[in-house]
């Protein structure tokens, strides 16, 4: 049976080089979703190009608290520690999420199809509750966005410690989101070290083999650029080249995977073991 896979490129608008690579892969049908950093200076000019894929791909918000856009930015370590200690301001976080939703809408003309988080901050304790409140403020009669559930991570990639930490800090997100009425991704892949030395092709083969129907794999493709704030710039080009290759298309055929938009109406399967 064909497995539908949402293949999502994170970080649209973080830089022109990243956006250009994502747009090319969308046009080639190699991606079915991308999430936008709506605070980025280039979002205003890039939004019109992304509109060409409206209805053909899922266009979402990449909620950001750690990349240097906006006044609330802090290192990821800050959010990890403070969220576990429950020492974050929910009103401040709610307002930050509302602002980023509004910036998305201002240039795209509608609400996002889904919401995820840069470095998965959206799933942290306190942050998740603030995000739910922000969505309640902005979604009235419209269908709710679907949410990425990092605690449904189904494969550790090449870094089991990183995977263990992610599952730990995001525990309970999926259950909490579904209790609030959200559709969530039932299986999540794409986690790895993000180093240029990593075997991205080999990992993708494992993810495609493991994903069930309606799984989601994140990726970070882009063109090369000298971006001092992007620690994974070299990795992006490697991902871009592989996702655009015949080798990737062959892997999808081998594992009977169809790159497709997320189906919010389908029932969520039981969690799968990593």
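In the numbering used here, the protein residues as written are -10 to 263. Using N, Cα and C, we set each Cβ at its ideal position, and we do this for glycine too. As the structure is a computational prediction, the values presented were derived from the model and not from experiment.
Asked: With C-beta atoms as the reference, is residue 25 less than 8 Å away from residue 51?; Found: yes
Asked: Give the range of the beta strand (DSSP E) segment to which residue 224 is assigned.; Found: It is not in any beta strand (DSSP E) - residue 224 instead sits in the alpha helix (DSSP H) that spans 222 to 232.
Asked: In the DSSP assignment, the beta strand (DSSP E) including residue -7 goes from what residue to what residue?; Found: -8 to 1
Asked: With distances taken between CB atoms, is the gap from residue 166 to residue 139 smaller than 8 Å?; Found: no
Asked: Bridge partners for residue 173 per DSSP, in chain order?; Found: 136
Asked: Over the uninterrupted alpha helix (DSSP H) stretch that includes residue 70, give me the two end residues.; Found: 65 to 73
Asked: Output the distance between the C-alpha atoms of residue 53 and residue 18, rounded to the nearest integer angstrom.; Found: 27 Å
Asked: Can you check the region 68 to 137 for any beta strand (DSSP E) of at least 3 residues that lies completely inside it and give the ranges in chain order?; Found: 103 to 106
Asked: Based on the DSSP output, what are the partners of residue 56 in its beta bridges?; Found: Bridge partners of residue 56: none, in fact.
Asked: Put residue 204 into one of helix, strand or coil per three-state DSSP.; Found: strand
Asked: What number of angstroms, rounded off, separates the C-alpha of residue 158 from the C-alpha of residue 101?; Found: 25 Å
Asked: At what residues does the alpha helix (DSSP H) containing residue 9 begin and finish?; Found: 5 to 16
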